[in-house]
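**Q** Taking my numbering, the leading residue of the sequence shown gets 21, the next gets one more, and so forth. Please read through the structure below; I'll follow up with questions.
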Amino acid sequence: MKIRNFSIVAHIDHGKSTLADRILQATGAISEREMRAQLLDSMDLERERGITIKASAVTVMHEHKGEQYMLNLIDTPGHVDFHYEVSRALTACEGALLVVDAAQGVEAQTVANAYAAVEQDLEIFPVLNKADLPAAQPDVVADEIESVLGFPAEECVLCSAKSGMGIDELLELICEKMPGPEGDADKGTQALIFDSVYDDYRGVIFFVRLVNGKLKVGDKIRMMSSGRTYPVTALGKYMPKQTDVKELVAGEVGFVVASIKTLGEVHIGDTVTLDLHPTDEPLPGYQEPQRMVFCDFYPTGESDYEELRKEIEKLHLNDASFTYVPESNEALGFGFRCGFLGLLHMEIIQERLEREGKLEIVQTAPTVTYQVEKTDGTVFEIHNPSELPDAGHIKELREPIVKLEIITPSDSIGDLMKLCGSRRAVYKKQTFLSPTRQILDYELPLAEIIYDFYDKLKSITRGYGTMDYELIGYQADNLAKVSIMVNGVSVDALSLICHRDTAEQRGRSLLVKLKKEIDRHQFEIPLQAAIGGKIIARESISAMRKNVTAKCYGGDVSRKRKLLEKQKAGKKRMKRVGSVDIPQKAFMAVLQPDG
C-alpha cells in the first residue's frame, strides 16, 4: 500500500474545510447520509464562525489504477493567530495543497503559508478553488501565483470544492505526483507528536507521525524529553470516525492512547520511541509558540473565582497554547492573567469560557510583552504595566516589533499609508501583485495593531484588504508608563505603557471616560494621569453640596460666609479620610478602545 501525507493550507475562507469534505466524499470515507458541511470542524465555535481553529488529521483509503493508497490529510486553520497550528501540521507531511480562491486571488495568509511549506521542504501543489463562480478569474489568479510565489501558472489545478468539479483530477495528482514518506519500518521507532487533545474517558490522546519503525498495542513507549514510560492501550486513525488499529508503521499518521492523565505530560514536538529498543536521536521538534497578547479574566455576576479556575484548567487541557497565572486586583478581585497567540485567539478563549463554562467574566484591555533592561544589566520580560520597576532603575524599555504584510486594492494605498504612518510604522517596500492589487511591507510595534488596526484596515479597503504579521524582535523606544491616580491614589489596573508622544492624549481620553462613570461624592475627586512624578493630564469630579445657607434669609452676609467656611473645612477633612468607590463599570468603560 502506498502512503501520501499532505496538508491543506490557504487564507481564511478560501475553501480548505469544504475541499476536505469533498475528498472524504470522493474517496467513500463518508456516505451522503453522514455528510454535513465542515465535517472536520467539530467545535461549535468553528461551525458558527465558519473558521477552523484546530488542525484535524484524517485518513482515507483511495484506489487509483488498481493500486491502494492511504491518504493522510490534515485540514489547517487559515487565520494568522493559528499559524503555529499550520507549521506543526506541515512537519507531519511531504506535500501541501495550497488552495487559492479563483475570485479573490492571492491573500496575505496564502503567502505566509506557502513560505512555511517551502521552509519545510514540502512539495506544493497550487489549487484554484471556486473556479465555477461567475466572478472567478482563474487565468489572472494563476499569473498572480506565478509572479508572487513562483509556481508555474499552468500547474494550477482548477476545482470547485462546493460542486465537486475537478476533485477526481486532484486525487489523481496527489497519487501520482506527491512524494511518499521515506521512513524505514525496520529502524528504531521514532514518532513525532504534532497535536494532542484531552478525552474525559481515555485521558490524553496524542497524534503522531511515525518517521521510522513500528508501534503496536501493548508496546511500552518512552517520551524522549522527559524519559517517562507508558503502556500503549490503543492506536487508531480518524477515518473520519475514531477507528482503532493494531499497529502503525513508518510513514503513517495516527493517534495513540497510553493511559496519560494530564496534558502536561505530553509535549508537542517530542519524540516517542520504544522503551526496550530506544532510538539514539530525537527528531527535531517545534519552537514553543510565542504568546503575543496578554489580558486578565475576572469573575463577575454570579460566577466565582473557583469556578473560573476549574474552567480555565479544563480548557487548557484541550488548548495548551495559552498560559494562565493567578492575578489579584483591588477593584476587580481575584482572577487570572492569560497569554494568547493573538487577538482572535483571546476572543475564542473568552467565548469558550463563557459558553462551555457558563461563566460571566470581565476581561481587561489586551497588552503586549515588553522587555526591560535594568541599570545593572539584567533583562527580563513584563506582561503587565504594574510589573514595571521604578524609572530610576530602567536603562531601556523595549517593545515587540512585527513585520506586517498588507495585500490591498491599489485605490486604498494612500489612506492605508496614512494609517500606518499614524501607528509609528516604518515603510519597507511595495510589490506589484496585479493591475488592481499591491503588497505593502511595514515594520511597526505590535502594540499599535492589537487594538483596532485590523478593523480600520478593513474599513479603508472596503473589506478587500488582508494582513499577516510575524514577530521580528524587540526595539527600544521613547516609552513610558502612564499611571492613573484617583484622589491621589494610583490605580494599578488602569495604568498603561505607551509612547511619550501619545501619552498625554491617551491619558486625557482615559480620564474623560473615568469622569463619566465615577459617581459624585461628598468631596471633590481629582483624576490625574502621571508619568513618574509629573502630572500630564487632570480632570475633576465636583463635590455634591448641600445648600447650608438655605435657612439664612436676610441678615448679615458674614453669617452665610461663616456657614460656607465651616462646610468647606468639613469637605477638606472628608477628602483627606474619605475613600473613592470606583464601580466595576468604570473599569470596563476605560478598557474599551477609543471608537
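Glycine residues also receive a C-beta, built at the ideal position from the N, C-alpha and C atoms. This structure is a prediction, so every number in the text was calculated from the model and none was measured.
Can you round the beta-carbon distance between L477 and I426 to whole angstroms, since I take them to be within the 8 angstroms contact cut?
**A** Yes, they are in contact, since the Cβ atoms of L477 and I426 sit about 7 angstroms apart, within 8 angstroms.
**Q** Throw me the rounded Cβ distance for the D295 and T249 pair, which I believe falls under 8 angstroms.
**A** At roughly 5 angstroms, the Cβ-Cβ gap stays under 8 angstroms, so D295 and T249 are in contact.
**Q** Exposed or buried, what is E654 when buried is set at 16 or more other beta-carbons lying within 10 Å of its beta-carbon?
**A** Residue 654 is absent from the model: the chain starts at 21 and stops at 615.
**Q** So the candidates are K197, P201 and M243; which of them puts its Cα closest to the Cα of I213?
**A** Closest option to I213, Cα to Cα, is M243.
**Q** Quick one, which of V269, R418, I469 and K423 has its alpha-carbon nearest L439's?
**A** Per the Cα distances, I469.
**Q** V388: which of I517, I492 and M437 sits nearest, CA to CA?
**A** The candidate whose alpha carbon is nearest that of V388 is I517.
**Q** DSSP puts F617 in a beta bridge; with which residues?
**A** Shown here, the chain extends from 21 to 615; a query on residue 617 therefore has no answer.
**Q** In this structure, does DSSP put Q210 in helix, strand or coil?
**A** It is a strand residue.
**Q** Of the residues C572, S578 and Q587, which one's Cα is nearest the Cα of K566?
**A** The shortest C-alpha separation from K566 is found at Q587.
**Q** Between the Cα of A134 and those of V168, V161, P158 and L499, spot the shortest distance and give me the residue it belongs to.
**A** Nearest of V168, V161, P158 and L499 to A134, Cα basis: V168.
**Q** Would you check if the segment 177-195 and the segment 230-238 touch, i.e. whether three or more CB-CB distances between them fall below 8 angstroms?
**A** Touching, no.
**Q** Do D316 and T395 have their CB atoms nearer than 8 angstroms?
**A** No; because the gap between Cβ atoms is not below 8 angstroms, this pair is not in contact.
**Q** For A270, which residues of its own chain have a beta-carbon under 8 angstroms away from its beta-carbon, when the five flanking residues on both sides are left out?
**A** For A270, where only same-chain residues beyond five positions count, the Cβ hits under 8 angstroms are P201, G203, D204, A205, K207, L230, V231, N232, G233 and K234.
**Q** Along the chain, where does the beta strand (DSSP E) containing D264 start, and where does it finish?
**A** D264 -> beta strand (DSSP E) spans Q262 to V265.
**Q** What does a CB cutoff of less than 7 angstroms around D576 pick up in its chain, not counting 5 residues either side in sequence?
**A** Nothing meets the Cβ criterion.
**Q** Should the segment 474-488 be called in touch with the segment 107-123, which here means at least 3 C-beta pairs below 8 angstroms?
**A** Cβ pair count under 8 angstroms is below three, so no.
**Q** From this set, T96, D163 and G86, which residue's C-alpha is nearest F452's C-alpha?
**A** If we check each option's Cα against that of F452, D163 comes out closest.
**Q** If we count Cβ pairs, one from each stretch, closer than 8 angstroms, do we get three or more for the segment 488-499 versus the segment 417-436?
**A** Cβ pair count under 8 angstroms is three or more, so yes.
**Q** Hey, which unbroken runs of the beta strand (DSSP E) at 3 residues or more fall wholly within the segment 514-590?
**A** Those beta strand (DSSP E) runs which fall completely within the segment 514-590 and span 3+ residues are 516-519, 545-551 and 554-561.
**Q** Report the start-end ranges of each beta strand (DSSP E) in the segment 460-515 that is 3 residues or longer and not cut off at the edges.
**A** Entirely contained in the segment 460-515, the beta strand (DSSP E) runs reaching 3 residues are, in chain order, 486-496 and 499-506.
**Q** Terminal residues of the continuous alpha helix (DSSP H) containing C179?
**A** Unbroken run through C179: none, as it is neither H nor E.
**Q** For S432 versus T456, is the C-beta distance shorter than 8 angstroms?
**A** No, Cβ-Cβ distance for S432 and T456 is not below 8 angstroms.
**Q** Can you give the Cα-Cα distance for I187 and S27, rounded to whole angstroms?
**A** Their Cα atoms are separated by approximately 16 angstroms.
**Q** Ignore the nearest five residues each way along the sequence and tell me which others in P386's own chain have a CB closer than 6 angstroms to its CB.
**A** Only V313, C315 and I470 meet the Cβ criterion.
**Q** Could you give the distance in angstroms between the alpha-carbon of V276 and the alpha-carbon of V399?
**A** About 41 angstroms.
**Q** Could you check if L466 is buried or exposed, using at least 16 other CB atoms within 10 Å of its CB as the buried criterion?
**A** Burial call: buried.
**Q** Based on Cα-Cα distance, which residue from E175, V126 and D435 lies nearest to I480?
**A** Ranking E175, V126 and D435 by Cα distance to I480 puts D435 first.
**Q** Could you round the C-beta distance between E416 and E393 to whole angstroms and report it? I think they count as a contact, below 8 angstroms.
**A** Sure, about 4 angstroms apart at Cβ, within 8 angstroms.
**Q** Assign Q525 to buried or exposed, taking buried as 16 or more other Cβ atoms, counted over all protein chains shown, within 10 Å of its Cβ.
**A** The residue in question, Q525, is exposed, as its Cβ has fewer than 16 Cβ neighbours within 10 Å.
**Q** In chain order, what residues of the same chain lie with their CB nearer than 6 angstroms to the CB of P405, ignoring the 5 residues before and after it?
**A** Cβ neighbours of P405 beyond the five flanking positions: K501, S515, L516 and I517.
**Q** Which residues in the same chain have their Cβ closer than 6 angstroms to the Cβ of P251, if we skip the five residues on either side of it in sequence?
**A** Around P251: K240.
**Q** Taking only three categories from DSSP, how would you classify V286?
**A** Correct three-state label for V286: coil.
**Q** What three-state label does DSSP hand G441 in the structure shown?
**A** G441: helix per DSSP, three-state reduction.
**Q** Determine the DSSP secondary structure at T387, reduced to helix, strand or coil.
**A** It is a strand residue.
**Q** Start and end of the alpha helix (DSSP H) containing Q450?
**A** Where Q450 is concerned, there is no enclosing alpha helix (DSSP H), although the beta strand (DSSP E) it sits in stretches over V446 to S454.
**Q** Leaving aside the five residues before and after E327 along the sequence, list all residues of the same chain whose C-beta is less than 8 angstroms from its C-beta, in chain order.
**A** Excluding residues within five positions, the ones whose Cβ falls inside 8 angstroms are P319, G377 and L379.
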